[in-house]
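Shown next, in structure tokens, is the structure this report addresses.
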Amino acid sequence: MKKFIKDVKENAKTLRRLFDETDFYQDQLLSEKYKANIFLKREDQTPVRSYKIRGAYCFINKYKKQNENNKNMYFICASAGNHAQGFAYACRELKQKGKVYMPVTTPKQKIDMTKYWGQNFVEVVLVGDTFDDASAAAQEEYKKNKNSFFVPPFDHKDIVAGQATVADEVFNQSRQNIDYLVVPVGGGGVSAGIAKYFEIVSPKTKIITVEPENADSFATSVRNKKNTKLEKISTFVDGAAVKKIGNYNFRVLKKLIKEKTIISPEGRLSKTILEFLTHNGIILEPAGALSVDALNDEKLLKKIKGKNVVCVVTGGNFDFTRLPEIQEKALKYSNLKKYIVLRLPQRPGTLKGFLGSFEDGVDITRFEYLKKSSKNFGSVLIGLESQKKEALKQSFDRFTRSGYDFQDITDEQMFFDLLI
Numbered sequence: 000m001k002k003f004i005k006d007v008k009e010n011a012k013t014l015r016r017l018f019d020e021t022d023f024y025q026d027q028l029l030s031e032k033y034k035a036n037i038f039l040k041r042e043d044q045t046p047v048r049s050y051k052i053r054g055a056y057c058f059i060n061k062y063k064k065q066n067e068n069n070k071n072m073y074f075i076c077a078s079a080g081n082h083a084q085g086f087a088y089a090c091r092e093l094k095q096k097g098k099v100y101m102p103v104t105t106p107k108q109k110i111d112m113t114k115y116w117g118q119n120f121v122e123v124v125l126v127g128d129t130f131d132d133a134s135a136a137a138q139e140e141y142k143k144n145k146n147s148f149f150v151p152p153f154d155h156k157d158i159v160a161g162q163a164t165v166a167d168e169v170f171n172q173s174r175q176n177i178d179y180l181v182v183p184v185g186g187g188g189v190s191a192g193i194a195k196y197f198e199i200v201s202p203k204t205k206i207i208t209v210e211p212e213n214a215d216s217f218a219t220s221v222r223n224k225k226n227t228k229l230e231k232i233s234t235f236v237d238g239a240a241v242k243k244i245g246n247y248n249f250r251v252l253k254k255l256i257k258e259k260t261i262i263s264p265e266g267r268l269s270k271t272i273l274e275f276l277t278h279n280g281i282i283l284e285p286a287g288a289l290s291v292d293a294l295n296d297e298k299l300l301k302k303i304k305g306k307n308v309v310c311v312v313t314g315g316n317f318d319f320t321r322l323p324e325i326q327e328k329a330l331k332y333s334n335l336k337k338y339i340v341l342r343l344p345q346r347p348g349t350l351k352g353f354l355g356s357f358e359d360g361v362d363i364t365r366f367e368y369l370k371k372s373s374k375n376f377g378s379v380l381i382g383l384e385s386q387k388k389e390a391l392k393q394s395f396d397r398f399t400r401s402g403y404d405f406q407d408i409t410d411e412q413m414f415f416d417l418l419i
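Structure below.
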């Protein structure tokens, strides 16, 4: 364990060639909201706007030194975005050839930035729909070429030792004893590094892990008492959407994490992203907002009152083309937006009567006929929005009392996806 701390501190010195320590400070708005001392560790301030540069640079730097006589060597990685950017930046700085495999579904902003950071040193290959597809393709090339070196995004002790420099900085920057440290889990690299580091230097600090809804590989594996690959995941939180946590990282976290993992719903997370942008003026990607969103968990909220809590903000690579989707999810989660399918008799005055059933402050954001089920009735898709959820509820109550035939499809995901 002492060797781990030594390796982490050496990595921290190595990283100072690239950037200064990222900011660590108490956020007054969050502290007041959650009645605790909430501190932020701003990993969105690294050159590539995420912590991933730490592990990638330290790994490539180490293996380049160990194989400096191999002039044909090149590095390979697979990534949904942030590891790719850290990898590309490291290759450019170390003047080393590299190749990045990324899912086709990766946000364009992350693809473009990976190409920008890598410049002439890195080739980008798009393959598959998920990180796991891209990883399989990268592994296949790695096995075929003896001059290639695979740089794992998370499942390697050297990557973990690089990501653990986040913990080293937090420990050195904090003037208070840390009661809770909240960190997201995707592949588990940064969470394993932080948990391992604090187990040694501050064992009383409780590490809280948080995962995205529908991509909870760590929580699932804990329940199954073995590392389990999920059959299907949501890629909404693309920076933390993996079907299987790293084997090495799972062993570390299973041993060290005592608190139950918090699952972050997509709607609540979207609301957190928008609130953070509005009140803090900081743009976070979904994975970067996970630790802050975890503070809304009812059980955790009770525990942290009056305590010193650190949230690791892991990244700020936000693709603004996704903003409408984020807004939509946030409004639906807050019950401020609803979608219904209405079956109306096709006679004069029916629609006018229906519109008179609305409470004040309810806006129609979408209105379209789907089809005519018969000559007497028509089906209508209607989107409704309000600043007060009570207005929507009261409108629905009026619809029911008036005998209108309607169905709320807001939470019927398959139906909703088909129509909206």
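Oh and the sequence shown: position 39 is 38 in numbering that gives the first Met the number 0, straight run, nothing missing. Cβ coordinates follow ideal geometry from the N, Cα and C atoms, glycine included.
- In this structure, residue 229 and residue 309 do not form a Cβ contact; the two beta carbons are roughly 28 Å apart against a cut-off of 8 Å.
- Note that the C-beta distance between residue 158 and residue 11 is not below 9 Å.
- By the CB criterion at 9 Å, residue 339 and residue 408 fall inside the cutoff.
- Segment contact: the segment 162-172 against the segment 131-146, fewer than three CB-CB distances shorter than 8 Å; contact not assigned.
- Distances from the alpha-carbon of residue 383 to those of 330, 342, 149 put 330 closest.
- Residue burial annotation: residue 84 is buried, with at least 16 other C-beta atoms found within 10 angstroms of its C-beta.
- Less than 9 Å divides the Cβ of residue 79 from the Cβ of residue 240.
- Across the set 333, 296, 141, the C-alpha of 296 shows the shortest separation from the C-alpha of residue 209.
- Secondary-structure assignment with DSSP links residue 112 through no beta bridge to anything.
- Between residue 249 and residue 341, the C-beta gap is not smaller than 9 Å, which leaves the two residues out of contact.
- For residue 383, the enclosing beta strand (DSSP E) starts and ends at 376-385.
- Nearest Cα to residue 352 within the set 263, 60, 397: 397.
- Check the Cα spacing between residue 69 and each of 58, 57, 96: the tightest is with 96.
- For residue 122, the secondary structure class from DSSP, reduced to helix, strand or coil, is strand.
- Between residue 280 and residue 51, the gap from beta carbon to beta carbon reaches 9 Å or more.
- For residue 210, the secondary structure class from DSSP, reduced to helix, strand or coil, is strand.
- Annotation: residue 305 is outside any beta strand (DSSP E) and is labelled neither H nor E by DSSP.
- Three or more beta-carbon pairs drawn from the segment 253-268 and the segment 210-225 are found closer than 8 Å, and the two stretches are therefore classed as touching.
- Per DSSP, reduced to three states, the secondary structure at residue 285 is helical.
- Residue state for residue 317 is assigned as coil, using DSSP reduced to three classes.
- Judged by DSSP in its simplified three-state form, residue 364 adopts strand.
- Residue 304 and residue 246 have their C-alpha atoms roughly 34 Å apart.
- About 5 Å separates the Cβ atoms of residue 220 and residue 227, confirming a contact at the 8 Å cut-off.
- With fewer than three CB-CB distances shorter than 8 Å, the segment 108-118 does not count as touching the segment 193-207.
- With respect to residue 190, residue 182 sits close: the two C-beta atoms are nearer than 9 Å.
- Under DSSP, residue 147 shares a beta bridge with 73.
- Contact between residue 377 and residue 343 holds: CB atoms are separated by about 6 Å, below the 8 Å threshold.
- Between residue 193 and the set 175, 176, 169, the nearest pair of CA atoms involves 169.
- Annotation note: the segment 176-203 contains the following uninterrupted alpha helix (DSSP H) runs of length 4 or greater, listed N- to C-terminal: 188-200.
- Following the DSSP letters along the chain, one finds residue 38 inside the beta strand (DSSP E) bounded by residues 36-41.
- Looking at the DSSP output, residue 261 shares a beta bridge with 209.
- For residue 346, the number of other beta carbons within 10 angstroms of its own is below 16, and it is reported as exposed.
- DSSP, read as helix, strand or coil, puts residue 49 in strand.
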